[in-house]
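*Asks:* Sequential numbering from 41 applies to the sequence shown in the working numbering.
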Amino acid sequence: MAAINAKAKSDSQGAVAGTDAVRPPTKAPWRPKVSGYIGLFLGPVAGALVAAASLRRMGQLRKARETLFYTLILTVAFLVPFILFIPSGAGINKIILFAADGAAFSVFPSIVREEYMKWRPLHPDVKPRND
């Protein structure tokens, strides 16, 4: 009987130990505007990486993966025609690239902002990474 109780006790402790994978992250996320500024100055892929890192730190793993996946797909879909059909000496290249960076400036903060506004009241004692 004692062996059965010991086994049940170890199983229940194992179940509790299994929940460690769901524990809240130890690092604080960046504020939403940071991913926009990174996207503006370093490009959409860099902005997506910062947005995904912030989302992961808030426990939104699926949304982080989707953000990276869709950014990479759209970047490839945007760059292939851009590289193939627009001559390299055309002046429109810089304007189009700046427009893509400007889109990153507005899109990534809006992706992170909703989750950040939910996360912030639950963690009032944690300061964001860029404070």
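Just so you know, even glycine gets a beta-carbon here, dropped at the ideal spot from N, CA and C.
What is the rounded straight-line gap between the Cα of K67 and the Cα of G131?
*Replies:* As a position in the sequence shown, residue 67 is number 27, starting the count at 1. As a position in the sequence shown, residue 131 is number 91, starting the count at 1. If I take the Cα positions, the gap works out to 43 Å.
*Asks:* Does the pairing of the stretch 152 to 167 with the stretch 96 to 108 give three or more beta-carbon distances under 8 Å?
*Replies:* Yes, the stretch 152 to 167 is in contact with the stretch 96 to 108.
*Asks:* Output needed for N170: all residues of its chain with C-beta closer than 7 Å, excluding positions within five of it in sequence on either side, in chain order.
*Replies:* The count along the sequence shown starts at 1 and reaches residue 170 at position 130. Around N170: W70, R71, V74.
*Asks:* Short of 8 Å in beta carbon distance, which residues of its chain neighbour I136, apart from the five on each side in sequence? Order them along the chain.
*Replies:* For this step, residue 136 is matched to residue 96 along the sequence shown. The residues are F122, I126.
*Asks:* Using the C-alpha atoms, what's the distance from R102 back to A61?
*Replies:* Here the question's residue 61 lines up with position 21 in the sequence shown. Here the question's residue 102 lines up with position 62 in the sequence shown. The predicted model places A61 with a pLDDT of 45, which falls under 50 and marks its position as unreliable, so this point remains unresolved.
*Asks:* Taking L114 as the reference, give the member of I151, G76, A140 with the closest Cα.
*Replies:* In the sequence shown, residue 114 corresponds to position 74, counting from 1. Out of I151, G76, A140, A140 has the C-alpha closest to the C-alpha of L114.
*Asks:* Hey, how far is the Cα of N133 from the Cα of L119?
*Replies:* Position 93 of the sequence shown holds residue 133. Position 79 of the sequence shown holds residue 119. Looking at the two C-alpha atoms, the distance is approximately 11 Å.
*Asks:* Is A91 near F148, with beta carbons less than 7 Å apart?
*Replies:* Locating residue 91 in the sequence shown gives position 51, counting from the first residue. Locating residue 148 in the sequence shown gives position 108, counting from the first residue. Contact flag set, yes.
*Asks:* Check each candidate in F109, S94, F81, L82 and name the one with the smallest Cα separation from E154.
*Replies:* Position 114 of the sequence shown holds residue 154. The residue with the shortest Cα to Cα distance from E154 is S94.
*Asks:* Could you check where the alpha helix (DSSP H) with A139 kicks off and where it finishes?
*Replies:* For the purposes of this step, residue 139 is identified with residue 99 of the sequence shown, where counting begins at 1. Segment 132 to 162, the alpha helix (DSSP H) holding A139.
*Asks:* Starting from G79 and walking both ways along the alpha helix (DSSP H), at which residues does that stretch end?
*Replies:* Translated into positions along the sequence shown, residue 79 becomes position 39. Where G79 is concerned, the enclosing alpha helix (DSSP H) stretches over 72 to 82.
*Asks:* Compare the Cα-Cα distances from E39 to each of G142, G79, L89 and report the closest residue.
*Replies:* This structure gives no information on residue 39, because the portion of the chain shown stretches from 41 to 171.
*Asks:* Using the Cα positions of P84 and A104, report the straight-line distance between them to the nearest angstrom.
*Replies:* Counted from its first residue, the sequence shown places residue 84 at position 44. Counted from its first residue, the sequence shown places residue 104 at position 64. Approximately 14 Å, taken between the alpha carbons.
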